[in-house]
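>
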Amino acid sequence: MTAGSFSSRDVGDPGPCDVCVVGAGPAGLLVGLLLARAGVRVTVLEKHGDFLRDFRGDTVHPSTLDVLDELGLGDRVDALPGRPVRALTATFADGTFRVADFSRLRIPHPYVLFLPQWDLLEMLAAAAAEYPTFLLLRNHAASGLLFDTPGGPARGVVATVPAAPSGRPEATRRQAEIRARLVIGADGRHSTVCAALDAAGRALTRHEFGTPMDVLWFRLPRWPDDPEGVALHVGAGRMLVLIDRGHYWQTAYLIPKDGREETLAAGTGALRAGVAALAPWLAGRVGAIVDAEDVAFLPVRLDRLRRWHSPGVLLIGDAAHAMSPVGGVGINLAVQDAVAAARMLAGPLRSGAGTAEVTRVLRAFQRRRWFPTAGTQLLQRGLGRGLIGPALAADAPVRSPRAVRLLDRQPALRGLAGRLVGVGLRPEHVDTPAPRQAPAHAPASPS
1015 MTAGSFSSRD VGDPGPCDVC VVGAGPAGLL VGLLLARAGV RVTVLEKHGD FLRDFRGDTV
1075 HPSTLDVLDE LGLGDRVDAL PGRPVRALTA TFADGTFRVA DFSRLRIPHP YVLFLPQWDL
1135 LEMLAAAAAE YPTFLLLRNH AASGLLFDTP GGPARGVVAT VPAAPSGRPE ATRRQAEIRA
1195 RLVIGADGRH STVCAALDAA GRALTRHEFG TPMDVLWFRL PRWPDDPEGV ALHVGAGRML
1255 VLIDRGHYWQ TAYLIPKDGR EETLAAGTGA LRAGVAALAP WLAGRVGAIV DAEDVAFLPV
1315 RLDRLRRWHS PGVLLIGDAA HAMSPVGGVG INLAVQDAVA AARMLAGPLR SGAGTAEVTR
1375 VLRAFQRRRW FPTAGTQLLQ RGLGRGLIGP ALAADAPVRS PRAVRLLDRQ PALRGLAGRL
1435 VGVGLRPEHV DTPAPRQAPA HAPASPS
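Per this note's numbering, the sequence shown runs over residues 1015 to 1461.
1) Measuring alpha carbon to alpha carbon, tell me which residue in 1249, 1271 and 1427 is nearest residue 1109.
2) Beta carbon of residue 1334, beta carbon of residue 1322: below 7 Å?
3) With DSSP run on the structure shown, which of helix, strand or coil describes residue 1380?
4) Between the stretch 1237 to 1252 and the stretch 1401 to 1418, can you find at least three pairs of beta-carbon atoms closer than 8 Å?
5) Check each candidate in 1073, 1423 and 1064 and name the one with the smallest Cα separation from residue 1100.
6) In angstroms, rounded to a whole number, what distance separates the CA positions of residue 1375 and residue 1028?
7) Classify residue 1338 as helix, strand or coil using the three-state DSSP reduction.
8) Report the residue ranges of all alpha helix (DSSP H) runs contained in full by the stretch 1128 to 1208; include only those spanning at least 4 residues, in chain order.
9) Run through DSSP, which three-state label would residue 1269 get?
10) Compute the Euclidean distance between the alpha carbons of residue 1359 and residue 1351, then round it to the nearest angstrom.
11) Taking the straight line between their C-alpha atoms, what separation do you get for residue 1388 and residue 1220?
12) Following the continuous alpha helix (DSSP H) through residue 1033, name the residue where it begins and the one where it ends.
13) Helix, strand or coil for residue 1219, going by three-state DSSP, please let me know.
14) Give the single residue among 1444, 1125, 1098 and 1201 whose Cα lies nearest to the Cα of residue 1040.
15) Measure the alpha-carbon distance for residue 1199 versus residue 1224 and round it to whole angstroms.
16) If we count the other Cβ atoms within 10 Å of its Cβ and call it buried at 16 or more, is residue 1263 buried or exposed?
17) Looking only at its own chain, which residues have a Cβ that is under 6 Å from the Cβ of residue 1106, when we skip the five neighbours before and after it?
18) How long is the line joining the alpha carbons of residue 1125 and residue 1232, rounded to whole angstroms?
19) Output the distance between the C-alpha atoms of residue 1242 and residue 1129, rounded to the nearest integer angstrom.
20) Per DSSP, which one or two residues make a beta bridge with residue 1232?
21) Looking only at DSSP bridge pairs, what is residue 992 linked to?
22) DSSP beta-bridge partners for residue 1311?
23) Within its chain, find whatever has a CB closer than 8 Å to the CB of residue 1122; leave out the 5 residues flanking it on each side and keep chain order.
24) Identify which residue in 1190, 1353 and 1329 has its Cα closest to the Cα of residue 1377.
25) Whose CA, out of 1395, 1053, 1291 and 1324, lies closest to the CA of residue 1146?
26) Can you grab the Cα-Cα spacing for the pair residue 1276 / residue 1267, in whole Å?
27) Checking the sheet assignment: what are the DSSP bridge partners for residue 1249?
28) Output the distance between the C-alpha atoms of residue 1431 and residue 1035, rounded to the nearest integer angstrom.
29) When you compare the CB positions of residue 1433 and residue 1119, do they come within less than 7 Å of one another, or not?
30) Output the residue ranges of the alpha helix (DSSP H) runs that lie fully inside the stretch 1043 to 1118 and measure 4 residues or longer, sorted by chain position.
31) For residue 1328, does the three-state DSSP call read helix, strand or coil?
32) Just verifying my parser: in three-state terms, what is the DSSP assignment at residue 1435?
33) Going by DSSP, what residues sit across from residue 1318 in a beta bridge?
34) Using the three-state DSSP reduction, which class does residue 1126 fall into: helix, strand or coil?
35) Do you know how far the Cα of residue 1418 is from the Cα of residue 1059?
36) From this set, 1340, 1260 and 1422, which residue's C-alpha is nearest residue 1435's C-alpha?
Okay, here's the thing in structure tokens:
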């Protein structure tokens, strides 16, 4: 046991589990659901009390929709307020070009579904709670890992949790332990699990690739006669990505790397003018950007751990390989990680496999998922060098590259681009759905 940790009995013991998942995003909830469906005892920790946050990654790709269908959740997805997008366009100084066409794909879901992520997460949490071996603990923020011996495998997670009110501010949060045979870090690019491994002297080397841009996010009103879908506008020194969310445009304003302070110092007036210059049809509504409070900042990272696991620990999704927002593929890759991890780990965990055998599975998992991850990152790096970087460095109007014009002329190539974005290099699948059982506990802990 690590020094200074406290027993979870202090705050209500959830009991030991086979797997403790840190992070209740799409990958964390899905890996928890799939493992619980296979009879593995799973506890998922979520540091917030709810999912009501303004996520930027609200894309649900065709291969993810296939996974949800395979789990029997297609009807539940259909009931959510999603908006299907079937094509991507890019606008340059010399015109607007079609660059990806999902409608050409011969798959069950030939579109990308733009869906508020909180709705997707609540749906996944409710579906997972129907399995008696699943437990979601909200308001549980992972703060470290448990080790029974200095050189031994991780044996669980230390979390800060709500404490009963006592009138003392320092007593509003306490520590608890969730003991587990395996910890899965699905907690994003600033992973607490990865940091805990570093603190324990088990650092995992990270390969940074670098990106040419950062992103400012904001919303603009969408009018009924606006174009539909996702559009890219490319100008000198700036780029604009517009994501159709029905009644508003989720807008990404790409700026040169580390250019946030300079952009904001120029004032929101300059930002509004830049948006209007890129997309003149938005000029009448850029007033929705009132001040800096209306603008969120995303520092873009593109990196990959050389090794995604340590004895007793597996990292998936952005915790193992942070993706740039290009193509919105990060969530899809994380979901595919979750599906492959659950499929490969369920049998060994259910049969009581020891640390050595589980570690062999973790190595096999990384080998399987390395190609689609590295291949996708290679494509993102190519777009950064060939299109995004030159455009953000330009001081004159940017004309369309030859590759973009070729995509516009060749429907088959647009379909291939749609497959790379929407399906990916190695989609994963689940087994035949298991029968549902009545939940053994509430889907979430009291806040």
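The beta carbon of each residue, even a glycine, is placed where N, CA and C say it ideally should be.
On a predicted model such as this, the values are computed, not experimentally measured, just so you know.
On the basis of the coordinates in this document:
1) As a first step, residue 1109 must be located in the sequence shown, where it is residue number 95. Among 1249, 1271 and 1427, the Cα nearest to that of residue 1109 belongs to 1249.
2) Position 320 of the sequence shown, counted from the first residue, corresponds to residue 1334. Position 308 of the sequence shown, counted from the first residue, corresponds to residue 1322. The answer is yes: Cβ separation under 7 Å.
3) What you label residue 1380 is simply residue 366 of the sequence shown in a count that begins at 1. The answer is helix: DSSP assigns residue 1380 an H, G or I state.
4) yes
5) For the purposes of this step, residue 1100 is taken as residue 86 along the sequence shown, with counting starting at 1. When only C-alpha atoms are compared, the closest one is 1073.
6) As a working note, residue 1375 is residue 361 in the sequence shown. As a working note, residue 1028 is residue 14 in the sequence shown. One C-alpha to the other measures close to 27 Å.
7) Working through the sequence shown from its first residue, we reach residue 1338 at position 324. In the structure shown, residue 1338 adopts coil according to DSSP, grouped into three states.
8) 1131 to 1142
9) Here residue 1269 corresponds to residue number 255 of the sequence shown, with the count starting at 1. Reduced to three states, the DSSP call for residue 1269 is strand.
10) Position 345 of the sequence shown, counted from the first residue, corresponds to residue 1359. Position 337 of the sequence shown, counted from the first residue, corresponds to residue 1351. Whole-angstrom Cα-Cα distance: 12 Å.
11) If you number the sequence shown from 1, residue 1388 lands on position 374. If you number the sequence shown from 1, residue 1220 lands on position 206. For residue 1388 and residue 1220, the distance between alpha carbons rounds to 13 Å.
12) For the purposes of this step, residue 1033 is taken as residue 19 along the sequence shown, with counting starting at 1. Residue 1033 -> not in any alpha helix (DSSP H); beta strand (DSSP E) instead, spanning 1031 to 1036.
13) Here residue 1219 refers to the residue found at position 205 of the sequence shown. In this structure, residue 1219 counts as coil in the three-state DSSP scheme.
14) Here residue 1040 is taken as the residue at index 26 of the sequence shown, counted from 1. For the residues 1444, 1125, 1098 and 1201, the minimum Cα distance to residue 1040 belongs to 1201.
15) Here residue 1199 is taken as the residue at index 185 of the sequence shown, counted from 1. Here residue 1224 is taken as the residue at index 210 of the sequence shown, counted from 1. Those two C-alpha atoms are separated by around 23 Å.
16) Here residue 1263 refers to the residue found at position 249 of the sequence shown. Result: buried.
17) If you number the sequence shown from 1, residue 1106 lands on position 92. Here the set comprises 1248, 1412, 1413 and 1414.
18) One-based indexing of the sequence shown puts residue 1125 at position 111. One-based indexing of the sequence shown puts residue 1232 at position 218. Going by the C-alpha atoms only, they are around 24 Å apart.
19) Residue mapping note: residue 1242 aligns to position 228 of the sequence shown, counting from 1. Residue mapping note: residue 1129 aligns to position 115 of the sequence shown, counting from 1. If I take the Cα positions, the gap works out to 15 Å.
20) In the sequence shown, counting from the first residue as 1, residue 1232 sits at position 218. Answer is 1265, bridged to residue 1232.
21) Outside the displayed span of the chain (1015 to 1461) sits residue 992, for which this structure offers no information.
22) Taking the sequence shown and counting its residues from 1, one reaches residue 1311 at position 297. Answer by DSSP bridge pairing, in chain order: 1230.
23) The residue given as residue 1122 occupies position 108 in the sequence shown. Cβ within range, chain order: 1076, 1079, 1080 and 1083.
24) In the sequence shown, counting from the first residue as 1, residue 1377 sits at position 363. Closest by alpha carbon: 1329.
25) Translated into the one-based positions of the sequence shown, residue 1146 becomes position 132. With distances taken between Cα atoms, residue 1146 lies closest to 1053.
26) By one-based count along the sequence shown, residue 1276 stands at place 262. By one-based count along the sequence shown, residue 1267 stands at place 253. Those two C-alpha atoms are separated by around 14 Å.
27) Residue 1249 sits at position 235 when you count from the first residue of the sequence shown. Its beta-bridge partners are 1252.
28) For the purposes of this step, residue 1431 is identified with residue 417 of the sequence shown, where counting begins at 1. For the purposes of this step, residue 1035 is identified with residue 21 of the sequence shown, where counting begins at 1. Each residue's alpha carbon lies about 33 Å from the other.
29) Here residue 1433 refers to the residue found at position 419 of the sequence shown. Here residue 1119 refers to the residue found at position 105 of the sequence shown. In contact: residue 1433 and residue 1119 (Cβ atoms closer than 7 Å).
30) 1076 to 1084 and 1088 to 1092
31) Within the sequence shown, the letter at position 314 stands for residue 1328. In the structure shown, residue 1328 sits in a strand (DSSP, three-state: E or B).
32) Here residue 1435 is taken as the residue at index 421 of the sequence shown, counted from 1. In this structure, DSSP gives residue 1435 a helical state, which the three-state scheme calls helix.
33) For this step, residue 1318 is matched to residue 304 along the sequence shown. Residue pairing by DSSP places residue 1318 opposite 1221 in a beta bridge.
34) For the purposes of this step, residue 1126 is taken as residue 112 along the sequence shown, with counting starting at 1. Taken through DSSP and simplified to helix, strand or coil, residue 1126 comes out as strand.
35) For this step, residue 1059 is matched to residue 45 along the sequence shown. For this step, residue 1418 is matched to residue 404 along the sequence shown. For residue 1059 and residue 1418, the distance between alpha carbons rounds to 43 Å.
36) By one-based count along the sequence shown, residue 1435 stands at place 421. Of all alpha-carbon atoms in 1340, 1260 and 1422, the one lying nearest the alpha-carbon of residue 1435 is that of 1340.
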